[in-house]
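Under this note's numbering, read the sequence shown as residues 66 to 153, first letter to last.
Glycine is no exception: its CB is placed at the ideal position from the N, C-alpha and C atoms.
These numbers come from a predicted model, not from an experiment.
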Amino acid sequence: MKTERAYKYRFYPTPEQEILLARTFGCVRFVWNAVLRYRTDAFYQRQETLNVRTWDCPDCGTQGIDRDVNAARNILQAGTALLAGAES
66 MKTERAYKYR
76 FYPTPEQEIL
86 LARTFGCVRF
96 VWNAVLRYRT
106 DAFYQRQETL
116 NVRTWDCPDC
126 GTQGIDRDVN
136 AARNILQAGT
146 ALLAGAES
């Protein structure tokens, strides 16, 4: 029999940590909302569900691109660009 446990923690960040946490969670929220919007648009426009694992790029002609690997690269690129803009 599996027993599930939960732990509660209280965190008292320093003012510097509060700024970093706000920036990090702001980036996470931005990326989540962007990906959700993309998936919602893809479903309504092309009836494309999440079980489509590979796709062909219409711009460069590359075939058999793994959807998950490509999504991870795009998320990394968007997050890096967002952080670079926040630091300047």
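Spatial distance of residue i from residue j (CA atoms)
{"i": "residue 98", "j": "residue 121", "result": "24 Å"}
{"i": "residue 126", "j": "residue 138", "result": "18 Å"}
{"i": "residue 106", "j": "residue 90", "result": "24 Å"}
{"i": "residue 104", "j": "residue 128", "result": "20 Å"}
{"i": "residue 112", "j": "residue 132", "result": "16 Å"}
Residue range of the alpha helix (DSSP H) that includes residue i
{"i": "residue 109", "result": "80-111"}
Other residues of its chain near residue i: CB distance less than 6 Å, five sequence neighbours each side excluded
{"i": "residue 92", "result": "144 and 147"}
Assigned secondary structure, residue i (DSSP; H/G/I helix, E/B strand, else coil)
{"i": "residue 114", "result": "coil"}
{"i": "residue 145", "result": "helix"}
{"i": "residue 124", "result": "coil"}
Neighbourhood of residue i by C-beta, 8 Å cutoff - its chain only, sequence neighbours within 5 removed
{"i": "residue 136", "result": "100"}
{"i": "residue 82", "result": "none"}
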